[in-house]
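Chains as they are written, first to last, in my numbering: chain H, 51 to 263; chain E, 8 to 246. As structure tokens, the structure follows; a few thoughts come after it.
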């Protein structure tokens, strides 16, 4: 199955109208980033990531009669500093007990905002996927908090968070869609090269010594 | 409890950034920084950074280098906003120029609006000219053409583009020839579409009425279509 669906096919498959699609776009229920324009032989057409859009439209259609569009938007992407959760409730989430306990001892707080709760549950997921020490969980969650506070990473689309293990060290890294990298405290990028620059910078240099021979 | 002051410039002067109750500029005024005010009145010309207001009236000319947020913005004359606009209502008699995206509930223009980065609103009524780079996304859009309009894309629920020759006044009819009253755009997508004097690459909708003076490459409809005999439509297909 194609991973993209055209706007026309989307309307046909879901039965929604242009009016609804454009209204949901205005309300940010469908992120602008999902609208991808492509040139086809019939002209310019807009495509969406198939799974994401079908899930989203289904969600909106299911809930639009009980919630207002603004309420729906807050359900889908709550503002990081809106909402409060109690740490005790977060502990009850799957695999979250350990990371919640550690976060509690880090921050000495009983309540978390949405951004902090996301940090804890993401760390819980890491904890469930591999072996992490307490110190590594502390550093992972501190890094997520730092990134969230500086760049609101949890609202971004398609950025990717990695945790890299190299023997004894666990290293969180984030790649943005803009080609930038975010690092934990204490780490810095000491070298960066685009492979597009190899020809200009290095091949020419090597050409010089090759020709001489 | 905030203590908001009123501030007034008569003649020419400058006001500092801050939170005010009423800001009144009669003559020529400049704001040195961002302003938040319940009400802003300009009679003459004013140059602002960012403004947050509940009610703003400009009679003359106004330039906002920052963003414009808040309630109702009324301009009679000309207004140029560089930053993003997030307002309840924009009512303009004259010309309005926006460099950044416009988000409003209702927009009413008698004159011209130029938006360099798209418009999103629930209801938009224009009597005059519209120029939009990007998407004009309006639930209910009505354009009464008095000049040449260009919009990249139009999307929404109900779109009406009408050429107002018959009810245009004598002045307008003397100085604006029929050939200038047109809308050029790439696509129009909505539930109900009615267009006149529109040159468009493709129209997609539920019910489409293509009126006089239109040149359309392709129209796709799901329910009904009606095409005026003077309109040129490359192809139309029910989908």
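For each residue, glycine too, the CB sits at the ideal point set by N, CA and C. Just so we're clear, the structure is a prediction, and the values are computed from it rather than from any experiment.
- For residue 62 (chain E), the three-state secondary structure derived from DSSP is strand.
- Interface criterion not met: the Cβ of residue 65 (chain H) is under 8 Å from no Cβ in chain E.
- If you ignore the 5 residues before and after residue 222 (chain H), its C-beta comes within less than 6 Å of the C-beta of 190, 193, 213 and 234, all in its own chain and listed in chain order.
- Neighbours of residue 164 (chain E) in chain H, taken as residues at a C-beta separation under 9 Å, are given in chain order as 67, 68, 69, 70, 72 and 73.
- In the pairwise beta carbon analysis, the region 160 to 171 of chain H is classified as touching the region 193 to 209 of chain H: at least three pairs are separated by under 8 Å.
- With fewer than 16 other Cβ atoms from the protein chains shown falling within 10 Å of its own Cβ, residue 158 (chain H) counts as exposed.
- The alpha-carbon of residue 93 (chain E) is positioned some 30 Å away from that of residue 195 (chain H).
- Distances from the CA of residue 198 (chain H) to each of H:211, H:187 and H:59 were compared; the closest alpha carbon is that of H:211.
- Under the Cβ distance rule, residue 197 (chain E) counts among the residues neighbouring chain H, one pair being separated by less than 8 Å.
- Between the alpha carbons of residue 214 (chain E) and residue 17 (chain E) lies a distance of about 55 Å.
- For residue 239 (chain E), the number of other beta carbons within 10 angstroms of its own is below 16, and it is reported as exposed.
- Taking 8 Å as the CB threshold, residue 123 (chain E) stays off the interface with chain H.
- Within the region 72 to 133 of chain E, complete beta strand (DSSP E) segments of at least 3 residues are found at 75 to 88, 92 to 105 and 109 to 122, given in chain order.
- Residue 223 (chain E) and residue 84 (chain E) have their alpha carbons spaced roughly 35 Å apart.
- The beta carbon of residue 129 (chain E) sits closer than 6 Å to those of 112 and 146, all from its chain and outside the five residues before and after it, given in chain order.
- Residue environment analysis places residue 241 (chain E) among the exposed positions, since fewer than 16 neighbouring C-beta atoms fall within 10 angstroms of its C-beta.
- Using a Cβ-Cβ cut-off of 8 Å, residue 46 (chain E) does not count as an interface residue toward chain H, since no Cβ of chain H sits closer than that to its own.
- Residue 156 (chain H) counts as exposed, since fewer than 16 other C-beta atoms from the protein chains shown sit within 10 angstroms of its C-beta.
- Looking at the DSSP output, residue 191 (chain E) sits in a beta bridge with E:157 and E:206.
- Distance from the CA atom of residue 104 (chain H) to the CA atom of residue 57 (chain H), rounded to whole angstroms, is 11 Å.
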